[in-house]
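*Asks:* Sending over a structure as structure tokens; questions will come in a sec.
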Amino acid sequence: MTQMNMLQAINSALDTAMAADERVLCFGEDVGVFGGVFRATSNLQQKYGKARCFNTPLVEQGIIGFANGLAAQGSVPVAEIQFADYIFPAFDQIVNESAKFRYRSGNLFNVGGLTIRAPYGGGIAGGLYHSQSPEAYFAHTPGLKIVVPRNPHQAKGLLLGAIHDPNPTLFFEPKRLYRASVGEVPDEDYRLPLGEAEITKEGTDITVLGWGAQMEVIDQAVEMAEKDGISCEVIDLRTILPWDYETVANSVFKTGRLVVTHEAPLTGGFAGEIAATIQERCFLYLESPIARVTGMDTPFPLVLEKEHLPNHLKVYEAIRSSVEF
Amino acid sequence: MTTTKPRVVHSPKFTDGAEFRIPTFKLLKEDGSLYKSAKAPDLDKEKALRIYRTMVTTRILDERMLAAQRQGRLSFYMQCTGEEAAVIGSAAALDDNDMIMAQYREQGALAYRGFTIDEFMNQLFGNELDYGKGRQMPVHYGSSKLNYMTISSPLATQIPQATGYAYGQKLAGEGHCTITYFGEGAASEGDFHAALNMAAVQRVPVIFLCRNNGYAISTPATEQFAADGVAPRAYGYKMDVIRVDGNDILAVHEATKAARQLAVEHNRPVLIEAMTYRLAAHSSSDDPSGYRSKDEEAAWREKDPILRMRLWLESKKWWSEADDKELQETMRREVLETMKRAQKRPPPPLESLVTDVYDEVPPALAEQFQKLKVHIRKYPEAYPKSAEHAKGGA
Numbered sequence: 001m002t003q004m005n006m007l008q009a010i011n012s013a014l015d016t017a018m019a020a021d022e023r024v025l026c027f028g029e030d031v032g033v034f035g036g037v038f039r040a041t042s043n044l045q046q047k048y049g050k051a052r053c054f055n056t057p058l059v060e061q062g063i064i065g066f067a068n069g070l071a072a073q074g075s076v077p078v079a080e081i082q083f084a085d086y087i088f089p090a091f092d093q094i095v096n097e098s099a100k101f102r103y104r105s106g107n108l109f110n111v112g113g114l115t116i117r118a119p120y121g122g123g124i125a126g127g128l129y130h131s132q133s134p135e136a137y138f139a140h141t142p143g144l145k146i147v148v149p150r151n152p153h154q155a156k157g158l159l160l161g162a163i164h165d166p167n168p169t170l171f172f173e174p175k176r177l178y179r180a181s182v183g184e185v186p187d188e189d190y191r192l193p194l195g196e197a198e199i200t201k202e203g204t205d206i207t208v209l210g211w212g213a214q215m216e217v218i219d220q221a222v223e224m225a226e227k228d229g230i231s232c233e234v235i236d237l238r239t240i241l242p243w244d245y246e247t248v249a250n251s252v253f254k255t256g257r258l259v260v261t262h263e264a265p266l267t268g269g270f271a272g273e274i275a276a277t278i279q280e281r282c283f284l285y286l287e288s289p290i291a292r293v294t295g296m297d298t299p300f301p302l303v304l305e306k307e308h309l310p311n312h313l314k315v316y317e318a319i320r321s322s323v324e325f
Numbered sequence: 001m002t003t004t005k006p007r008v009v010h011s012p013k014f015t016d017g018a019e020f021r022i023p024t025f026k027l028l029k030e031d032g033s034l035y036k037s038a039k040a041p042d043l044d045k046e047k048a049l050r051i052y053r054t055m056v057t058t059r060i061l062d063e064r065m066l067a068a069q070r071q072g073r074l075s076f077y078m079q080c081t082g083e084e085a086a087v088i089g090s091a092a093a094l095d096d097n098d099m100i101m102a103q104y105r106e107q108g109a110l111a112y113r114g115f116t117i118d119e120f121m122n123q124l125f126g127n128e129l130d131y132g133k134g135r136q137m138p139v140h141y142g143s144s145k146l147n148y149m150t151i152s153s154p155l156a157t158q159i160p161q162a163t164g165y166a167y168g169q170k171l172a173g174e175g176h177c178t179i180t181y182f183g184e185g186a187a188s189e190g191d192f193h194a195a196l197n198m199a200a201v202q203r204v205p206v207i208f209l210c211r212n213n214g215y216a217i218s219t220p221a222t223e224q225f226a227a228d229g230v231a232p233r234a235y236g237y238k239m240d241v242i243r244v245d246g247n248d249i250l251a252v253h254e255a256t257k258a259a260r261q262l263a264v265e266h267n268r269p270v271l272i273e274a275m276t277y278r279l280a281a282h283s284s285s286d287d288p289s290g291y292r293s294k295d296e297e298a299a300w301r302e303k304d305p306i307l308r309m310r311l312w313l314e315s316k317k318w319w320s321e322a323d324d325k326e327l328q329e330t331m332r333r334e335v336l337e338t339m340k341r342a343q344k345r346p347p348p349p350l351e352s353l354v355t356d357v358y359d360e361v362p363p364a365l366a367e368q369f370q371k372l373k374v375h376i377r378k379y380p381e382a383y384p385k386s387a388e389h390a391k392g393g394a
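So the sequences go chain by chain: A and B.
Note that full-length UniProt numbering has the first sequence beginning at 1, numbered continuously upward.
Note that full-length UniProt numbering has the second sequence beginning at 1, numbered continuously upward.
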């Protein structure tokens, strides 16, 4: 075990994967000698050479097209998109290619080795184009897996899980926590399962669900709520697609209440999907409407980012309203 | 910053690249004889006949299947007609282990590798033997054993994938390369530029073969780009480039052979622009009379690549009119018989609707599938293709 921040944990995951299998490659803009603008790929080029860790030209659609080809060939590419906000030039390659490679070929070919890493989320004064949470766009695409870690231990285990998963996986990293989140991380190879949510705290009155950086916000809100005598069950969804509706439904059977929170805007956000599925499964158990606490339906703002974001106070208020309904 | 030392001038001097006029490589004249100064190609009889038979097979397959589409037997079809030399001549210059990542009009390359008429038909009719499990429209072929990547409809997406695939081949160090095909229209997509630039920077063993066939559906090449074709773009990437008469089988073969050598032995990606003409419509849903003249088509029919190769083969005494007649008749019969067989085969099983989305069917999808089966059992007459399959299981 070593004390690491999230970037160090991600770097350790990449290092572990590259050491174990020479087919694992890391590339993207500034990923090479510089180690990425956030330094997630630090020292990997020095350690594994320029052929396996390298800079690409500044072209996201090219990075993912290249990665798709590499994965189809049998390599295990880990492609970095510098900010999730800049993933959209690669939307076609991800949605029409990565996601459909296996299905359209009748399993003759697949890009299961592909992992796409991208820092997402707000709270860093990044404005419109360094703050977005685009998971819902991709959640509408069968064939992809989408994973978001909440802390360094989860980041290493889930990233290794994603790299070894035989399906193309988007790995969105909460950049606000890159250095802020610190914890004990095993030095060896360990893989956390994809498609499984984790109950991080048990409780009886209400279920509070989120992922990534929002888990920290939930913890603060829950601390306030517990002081009011409300027993909260907290779930980290971890994998957005395919998502673990069973764990969530089982929790709601018990608590009868659900608050879902994410940074992305309300309309069309993944909380809507969760709410629809859970009301279908738990209708007769629900004590109050399922609440969504999310970013507003605006482009991501700058100066008023605090007002925009679903912070702990808003989540706390939603917990209160739900319990008092 | 540039990769070469800048030459300094002291007056504002612009250049539009007009000084670079790219020549067209030709060996074979329209009458089937070699140009006077052309070097006789290194192509033995066996290979030449394999190429020719494939060209004729492709032409016949295309004629018959378009007719089948017109009769309503098939939903859709795309012909390679007029471009057989560009496609088959280049594929024939490769090693069979090299990867082919095509656009959609390159069935000739697949036929050259040995894809059988049966295999073509199974895909076209989307029956239970289709490797693609009836999931894609006709002509979206693929074969892992023949190293032919399954076709994807979105244009140009295969080009950067070819760069990536070839990068993996370079790391594997087994001396293989990738060829990717696309039209001059697809070359306007961003993916084209990304792919060529990345290949040049990383020195990847990939061959980019542009079939400049004059039209992107109805849009003529003159409305696709202002430049002298696609070839000059290679200068911008510092990539080797050659323009070749795409209807000249010998020139296409020779150019691709040399390109393969550059790619595999020197890690130099190559752009080949094959100048050709799409003699047929874009697809069975297109009608070229709305955008081009009969005279233009007739002029290109004179340059038919199959006719040109036949004349050359005959001049070498490797082929005769009788041989040709026999091949034509045999292939027509085979195509017809195989089509009837393929059409009668049952559709893929209902399960193929939900398999291969992921390596395993996720729980939510498994639930959707169970619901669907229950529904089909309730209304079997509405789902004749799957009513039988829906009976099994829970």
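The C-beta atom is built at its ideal place from N, Cα and C for all residues, glycine as well.
Quick one: what does DSSP say alanine 394 of chain B is sitting in, helix, strand or coil?
*Replies:* Caution applies to alanine 394 of chain B, whose pLDDT of 49 falls short of 50 and renders its modelled position unreliable; the model cannot decide the point.
*Asks:* Within 10 angstroms of the Cβ of valine 8 of chain B, are there 16 or more other Cβ atoms? Answer buried if so, exposed if not.
*Replies:* The residue is exposed, with fewer than 16 neighbouring Cβ atoms inside 10 Å.
*Asks:* Can you pull out the residues from the segment 103 to 121 of chain A whose beta carbon lies closer than 7 Å to at least one beta carbon of chain B?
*Replies:* Result list: Tyr103, Arg104, Ser105, Gly106, Asn107, Leu108, Phe109 and Gly112.
*Asks:* What does the alpha-carbon distance come out to for the pair alanine 67 of chain A and isoleucine 159 of chain B?
*Replies:* Roughly 12 Å separates the two Cα atoms.
*Asks:* List the residues that DSSP assigns as beta-bridge partners of glutamine 3 of chain A.
*Replies:* BP columns for glutamine 3 of chain A point to A:Glu184.
*Asks:* Smallest Cα separation from methionine 224 of chain A: which of A:Pro77, A:Ile240, A:Leu313 and A:Gln73?
*Replies:* Comparing Cα-Cα distances from methionine 224 of chain A to each of A:Pro77, A:Ile240, A:Leu313 and A:Gln73, the minimum goes to A:Leu313.
*Asks:* Report the three-state DSSP secondary structure of glycine 183 of chain B (helix, strand or coil).
*Replies:* Strand at glycine 183 of chain B.
*Asks:* What is the DSSP secondary structure of arginine 211 of chain B, reduced to helix, strand or coil?
*Replies:* In the structure shown, arginine 211 of chain B sits in a strand (DSSP, three-state: E or B).
*Asks:* Does any residue of chain A have a CB that is nearer than 8 Å to the CB of tyrosine 35 of chain B?
*Replies:* Taking Cβ atoms only, chain A never reaches closer than 8 Å to tyrosine 35 of chain B, which makes this a no.
*Asks:* Using a C-beta to C-beta distance shorter than 8 Å, which residues of chain A count as neighbours of leucine 124 of chain B?
*Replies:* Going along chain A, no residue has its Cβ under 8 Å from leucine 124 of chain B, so there is no contact; the nearest lies around 14 Å.
*Asks:* What are the start and end residues of the alpha helix (DSSP H) that includes cysteine 282 of chain A?
*Replies:* Here the alpha helix (DSSP H) through cysteine 282 of chain A covers 270 to 282.
*Asks:* Can you give me the C-alpha to C-alpha distance between threonine 256 of chain B and isoleucine 10 of chain A, rounded to a whole angstrom?
*Replies:* Their Cα atoms are separated by approximately 44 Å.
*Asks:* Check the Cβ-Cβ distances between glycine 185 of chain B and every residue of chain A, and say whether any is below 8 Å.
*Replies:* Closer than 8 Å: no.
*Asks:* So the candidates are B:Gly114, B:Lys385, B:Ala85 and B:Tyr141; which of them puts its Cα closest to the Cα of leucine 108 of chain A?
*Replies:* Checked all of B:Gly114, B:Lys385, B:Ala85 and B:Tyr141; the closest Cα to leucine 108 of chain A is B:Tyr141.
*Asks:* With 9 Å as the limit, tell me which residues of the segment 57 to 85 of chain A have their beta carbon closer than that to any beta carbon of chain B; keep them in chain order.
*Replies:* Cβ contacts with chain B come from Pro57, Val59, Glu60, Gln61, Gly62, Ile63, Ile64, Gly65, Phe66, Ala67, Asn68, Gly69, Leu70, Ala71, Ala72, Gln73, Gly74, Ser75 and Pro77.
*Asks:* Between alanine 295 of chain B and leucine 279 of chain B, what straight-line distance do the alpha-carbon atoms span, to the nearest angstrom?
*Replies:* What sits at residue 295 of chain B in the sequence shown is aspartate, not alanine. If I take the Cα positions, the gap works out to 12 Å.
*Asks:* Less than 8 Å between the beta carbons of glycine 143 of chain A and glycine 132 of chain B, yes or no?
*Replies:* Cβ atoms of glycine 143 of chain A and glycine 132 of chain B: not closer than 8 Å.
*Asks:* Leaving aside the five residues before and after glycine 112 of chain A along the sequence, list all residues of the same chain whose C-beta is less than 6 Å from its C-beta, in chain order.
*Replies:* Within the same chain, glycine 112 of chain A has close Cβ partners Pro166 and Asn167.
*Asks:* Determine, using beta carbons only, whether lysine 378 of chain B comes closer than 8 Å to chain A.
*Replies:* Closer than 8 Å: no.
*Asks:* Can you round the beta-carbon distance between alanine 40 of chain B and valine 252 of chain B to whole angstroms, since I take them to be within the 8 Å contact cut?
*Replies:* Incorrect: roughly 16 Å between the Cβ atoms, too far for contact.
*Asks:* Kindly indicate the opening and closing residues of the alpha helix (DSSP H) around phenylalanine 62 of chain A.
*Replies:* As written in the sequence, residue 62 of chain A is glycine, which differs from the phenylalanine given in the question. 60 to 73 is the extent of the alpha helix (DSSP H) around glycine 62 of chain A.
*Asks:* Would you decide whether asparagine 197 of chain B is buried or exposed? Buried here means 16 or more other CB atoms lie within 10 Å of its CB.
*Replies:* When all chains shown are included, asparagine 197 of chain B counts as buried.
*Asks:* Check whether the Cβ of tyrosine 178 of chain A lies closer than 8 Å to any Cβ atom in chain B.
*Replies:* By this cut-off, tyrosine 178 of chain A is not an interface position.
*Asks:* Using a C-beta to C-beta distance shorter than 7 Å, which residues of chain B count as neighbours of serine 51 of chain A?
*Replies:* Reading off the sequence shown, one finds alanine at residue 51 of chain A, where the question assumed serine. Residues of chain B passing the Cβ test: Leu171.
*Asks:* DSSP beta-bridge partners for lysine 201 of chain A?
*Replies:* BP columns for lysine 201 of chain A point to A:Val234.
*Asks:* Taking beta-carbon pairs under 9 Å, can you tell me which members of the segment 126 to 140 of chain B lie near chain A?
*Replies:* Hits within the stretch, in order: Asp130, Tyr131, Gly132, Lys133, Gly134, Arg135, Gln136 and His140.
*Asks:* Please determine whether the Cβ atom of lysine 170 of chain B lies at a distance below 7 Å from any heavy atom of the ligand MG.
*Replies:* This structure does not include the ligand MG; it has no bound ligands of any sort.
*Asks:* Taking Cβ positions only, does serine 144 of chain B come closer than 8 Å to chain A?
*Replies:* For serine 144 of chain B, the answer is yes, since a Cβ of chain A falls inside 8 Å of its Cβ.
*Asks:* Determine which residues share a DSSP beta bridge with isoleucine 206 of chain A and list them.
*Replies:* According to DSSP, isoleucine 206 of chain A bridges with A:Cys232.
*Asks:* Going along chain A in order, which residues have a C-beta closer than 9 Å to the C-beta of threonine 116 of chain B?
*Replies:* Chain A residues near threonine 116 of chain B: none, gap ~16 Å exceeds 9 Å.
*Asks:* Can you tell me which of A:Trp243, A:Leu44, A:Ser251 and A:Asp205 puts its alpha carbon nearest to the alpha carbon of glycine 229 of chain A?
*Replies:* Looking at the Cα atoms, A:Asp205 is the closest of the given residues.
*Asks:* In whole angstroms, what separates the C-alpha of arginine 260 of chain B from that of methionine 239 of chain B?
*Replies:* Distance between the alpha carbons of arginine 260 of chain B and methionine 239 of chain B is about 14 Å.
*Asks:* For proline 6 of chain B, which residues does DSSP report across the bridge?
*Replies:* Answer by DSSP bridge pairing: none, since proline 6 of chain B is not bridged.
*Asks:* Taking the alpha-carbon positions, what's the alanine 18 of chain B to proline 232 of chain B distance?
*Replies:* Approximately 10 Å, taken between the alpha carbons.
*Asks:* Verify the CB distance criterion: does glutamine 214 of chain A have a CB-CB separation below 8 Å to chain B?
*Replies:* Not an interface residue.
*Asks:* Could you tell me whether the Cβ of threonine 157 of chain B comes closer than 8 Å to any Cβ of chain A?
*Replies:* Interface residue, yes.
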